[in-house]
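Here's the structure we're looking at; comments come further down.
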Amino acid sequence: MIGVRSVLMDSDTLDLTSTPLFNKATYINSGKLYPDRDTPLEVLWERNRILAVPKTAREKFIPPATLPVNQFLALELPKQGGAFITSKPTTWFSDDEPTSNPLALLERPIPSPTFLALLQKEFGQAWFNGAQSILDPRYNNAMDRFPLWIITVWSEMVDVVDKQNTWRKAHLWLEDEAKLRKDPATLQELESVVETLKTLGWNAPITYTSVLTTACALVPLITTLWLSDDTINMLMEVL
Numbered sequence: 006m007i008g009v010r011s012v013l014m015d016s017d018t019l020d021l022t023s024t025p026l027f028n029k030a031t032y033i034n035s036g037k038l039y040p041d042r043d044t045p046l047e048v049l050w051e052r053n054r055i056l057a058v059p060k061t062a063r064e065k066f067i068p069p070a071t072l073p074v075n076q077f078l079a080l081e082l083p084k085q086g087g088a089f090i091t092s093k094p095t096t097w098f099s100d101d102e103p104t105s106n107p108l109a110l111l112e113r114p115i116p117s118p119t120f121l122a123l124l125q126k127e128f129g130q131a132w133f134n135g136a137q138s139i140l141d142p143r144y145n146n147a148m149d150r151f152p153l154w155i156i157t158v159w160s161e162m163v164d165v166v167d168k169q170n171t172w173r174k175a176h177l178w179l180e181d182e183a184k185l186r187k188d189p190a191t192l193q194e195l196e197s198v199v200e201t202l203k204t205l206g207w208n209a210p211i212t213y214t215s216v217l218t219t220a221c222a223l224v225p226l227i228t229t230l231w232l233s234d235d236t237i238n239m240l241m242e243v244l
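Quick note: the sequence shown uses our numbering, first residue 6, plus one each step.
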């Protein structure tokens, strides 16, 4: 797990291997305020641990980066929730242990990025106050109790859905261009790109000379979307 990797052993020495010891009784249900600034290392480490998505769960929610674009576009991902959420973020936390199957959330819209940012902001204090799970007031009379790491899943899925929409625009652009173009050489190039999308991973890591990025950086090259920094850097390497 990626997180804070060091802890002060004394005034002059850093231990880069030890996991900071988190004393639950010191922080949880002890009346403490969550320190947004100068957060102790053991708190940061434990926060990362709690919000980390288990590997088996990640495989259910997040498509592998190497999944070919064509197959990625065929996936039915949860919709991005556009409806305004009237409930306060603090009411989404529960002191109950998680008991509900997180996979149920695949059938529900993802909360908006704005609301997810509020959940992430409120997480620290809710955790200190004893929160052990997330509920969803939009469904089932808020009776479900999901693991706290579902906040991370939702946040990552927002990005996945955005990237699927972007790839879909690219694929539609290729189809439209193929209908408009008459030049055999251009049509052959377009067909070549379409064939590439049958094997290229939607978010697979790619390296072009000194630029390390992902396949998503290629999307602006086959659409009318703005060039990303990574795309510009790749083009600069060509010059």
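All C-beta atoms, glycine included, are put in the ideal place defined by N, C-alpha and C.
{"Asked": "Cβ neighbour criterion (16 or more within 10 Å) applied to Lys168", "Found": "buried"}
{"Asked": "Where Ile33 sits in the DSSP three-state scheme", "Found": "coil"}
{"Asked": "Length at least 3, wholly inside the segment 152-235: the beta strand (DSSP E) runs in chain order", "Found": "210-213, 216-219"}
{"Asked": "Separation of Pro73 from Ala222, as counted between CA atoms", "Found": "15 Å"}
{"Asked": "6 Å CB neighbourhood of Leu202 in its chain, flanking five on each side removed", "Found": "Val74, Asn75"}
{"Asked": "CA-to-CA distance, Trp172 to Phe77, given in whole angstroms", "Found": "9 Å"}
{"Asked": "Contact under 7 Å by Cβ, Pro114 with Lys93", "Found": "no"}
{"Asked": "Residues near Val165 by beta carbon distance below 7 Å, same chain, minus five either side", "Found": "Ile67, Pro68, Leu82"}
{"Asked": "Alpha-carbon spacing of Leu195 relative to Glu182, whole angstroms", "Found": "8 Å"}
{"Asked": "Rounded C-alpha distance that separates Leu121 from Gln193", "Found": "44 Å"}
{"Asked": "Best match in Asp41, Thr61, Leu226, Glu200 for proximity to Phe128 [C-alpha to C-alpha]", "Found": "Asp41"}
{"Asked": "DSSP beta-bridge partners of Phe98", "Found": "Ile139"}
{"Asked": "Which listed residue (Thr119, Thr204, Glu112, Lys187) has its alpha carbon closest to that of Thr71", "Found": "Thr204"}
{"Asked": "Inter-residue spacing [alpha-carbon to alpha-carbon] between Leu38 and Met162", "Found": "30 Å"}
{"Asked": "Per-residue burial, Glu112 [other beta carbons within 10 Å of its own, 16 or more giving buried]", "Found": "exposed"}
{"Asked": "Given 8 Å, three or more beta-carbon pairs between the segment 50-57 and the segment 146-158", "Found": "yes"}
{"Asked": "Coarse secondary structure for Ile115, derived from DSSP in three states", "Found": "strand"}
{"Asked": "Buried/exposed call for Gly36, threshold 16 Cβ in 10 Å", "Found": "exposed"}
{"Asked": "Between the CA atoms of Ser138 and Val48 - distance to the nearest angstrom", "Found": "18 Å"}
{"Asked": "Proximity winner among Arg143, Ala79, Leu108, relative to Gly86 (alpha-carbon distances)", "Found": "Arg143"}
{"Asked": "Nearest-angstrom Cα separation, counted from Asn170 out to Pro152", "Found": "28 Å"}
{"Asked": "Identified DSSP bridge partners for Gln85", "Found": "Ile115"}
{"Asked": "Euclidean distance between Cα positions of Thr119 and Gln130", "Found": "19 Å"}
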